[in-house]
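Each remark here refers to the structure printed beneath this line.
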Amino acid sequence: MVEEARIEFGTPVFLLRLVGSPKKSFENLVRKMKPYNLIPFLRKRNGNFVLFVVQKPKTKPPRVRINLILFVVTTITIFVSGYINSITWTSIFGGNPFIHAVYFTLALLAIVGLHEVGHQVVCRLRGIEATLPYFIPGPPFPIGFGTFGAVIMQKEPPVNRDELFDLGFSGPLVGFLVTLLVTIITIQTVQPVDPTFLAKKGVSMITLPVTLAWTLLIQLIKPVPSGLVLLIPPIGWAAWLGFVITFLNLLPIWQLDGGHLAAAMFGRRGHTIASMIGLLITFVTGFWFFGLLLLFLATQSKRAEILDEVSPISNHKKILGVLSYVILVLSAVIFWP
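Numbering follows my numbering, with no gaps: position 4 of the sequence shown is 326.
Structure (structure tokens):
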């Protein structure tokens with residue numbers, strides 16, 4: 323019920339008296355105002371419920387050509403990375419480095435791309451306007467893996483904490499499941515080898531910090547006998563990188579997916595505290611440069627906003643929130659000093 327209406331700096335503002343949760347009624351209001359390019363916001367100020375309405379900012383039309391160009395360039399840089407990485411593997415075990423590079427490229431594109439598709443599906447289901455994925459090319463192996471991931475841009479904020487949670491959870495969940503599949507394929511297709519065999523071949527090994535999920539899958543599928551090692555093929559690097567991407571994305575920092583989850587579950591203050599904890603985790607696990615980058619970006623932009631900051635998150639989302647932290651632990655990659 324509207325108790326008072328006024329105009330503040332050209333913006334209609336309504337003081338409300340609410341009975342029960344306004345979640346559903348506010349969702350209906352958002353849908354009704356959308357055809358008129360109006361966006362309502364629901365806030366609680368000094369114990370009062372306040373509704374104000376603003377004009378939706380004009381958005382630029384999509385430029386699909388840019389998305390396509392970035393995708394093609396990223397595919398090339400990933401393939402080059404996979405090819406370089408495949409040369410050593412094929413020199414030991416035989417095979418065509420071109421074929422291994424194709425497997426690596428397809429696996430990494432699936433992990434990165436389907437992560438963003440997960441976000442986009444939620445945007446479509448929730449009616450949130452968003453761009454196509456922007457793939458980000460990166461330096462090839464051994465400096466990098468050919469990509470820094472991908473992003474989509476939302477053109478409007480989510481309605482409430484439930485929508486914000488879904489946006490943050492969908493991408494990492496899909497990316498994690500695809501990474502598990504690639505990891506299983508990797509483990510099924512390799513055989514443990516004797517380190518002395520590699521030494522005779524003049525091959526030096528790089529020991530990667532493996533995730534808990536990787537360790538559990540090896541124990542379930544193909545336990546490594548004592549004295550032998552599991553040499554990771556090129557496609558396995560894609561799986562390993564998939565865990566890194568999932569782990570970093572789920573850290574509860576700023577506007578990462580994990581940051582959206584923290585904001586949805588814990589609110590503004592909780593999001594700030596969670597971000598501090600997440601930044602600490604980046605330093606403890608060896609991703610200090612990533613943490614510094616996020617700290618800088620967080621000071622240059624605002625956190626994600628939602629339209630309804632009054633309604634609480636649904637209980638079943640809290641259960642899924644626990645699952646997200648289980649995935650975070652399973653995907654954790656730790657570079658000990």
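Ideal Cβ placement from N, Cα and C applies to all residues, glycine included.
| query | result |
| --- | --- |
| 7 Å Cβ cutoff met for P479 and L629 | yes |
| Nearest candidate by alpha-carbon position, reference V560, set A584, G549, F470 | It should be pointed out that residue 560 corresponds to Ala in this sequence rather than to Val. Selected option, being the one with the closest Cα: F470. |
| Check: I409 C-beta below 6 Å from any heavy atom of the ligand GTP | The ligand GTP is not part of this structure, which contains no ligands at all. |
| Completely contained alpha helix (DSSP H) runs for the segment 381–432, where each covers 4 or more residues | 386–415 |
| Length of the line joining the Cα atoms of S597 and A521 | 45 Å |
| Extent of the continuous alpha helix (DSSP H) run through T594 | 579–606 |
| T505, buried or exposed, once every other Cβ within 10 Å from all chains shown has been counted against 16 | buried |
| Cβ distance (whole Å) where I433 is taken to contact I540 below 8 Å | The Cβ separation is near 19 Å, so there is no contact. |
| Reduced DSSP secondary structure (H/G/I, E/B, other) of E485 | helix |
| Cβ neighbour criterion (16 or more within 10 Å) applied to D516 | exposed |
| Limits of the unbroken beta strand (DSSP E) element including R353 | Per DSSP, R353 belongs to no beta strand (DSSP E); it is in the alpha helix (DSSP H), 345–355. |
| Straight-line Cα distance separating Y647 from V606 | 17 Å |
| I599 versus P574 - alpha carbon distance | 8 Å |
| Proximity below 7 Å, CB of L392 to CB of F457 | yes |
| Residues bridged to D516 [DSSP beta-bridge criterion] | Paired residue(s): none; D516 is not in a bridge. |
| Beta carbon proximity, A535 to chain C, threshold 7 Å | No chain C is present in this structure, which holds just one protein chain. |
| Buried or exposed by the 16-neighbour rule on C-beta atoms within 10 Å, applied to I450 | buried |
| Alpha-carbon spacing of W562 relative to P461, whole angstroms | 17 Å |
| DSSP state of E478 mapped onto helix, strand, coil | coil |
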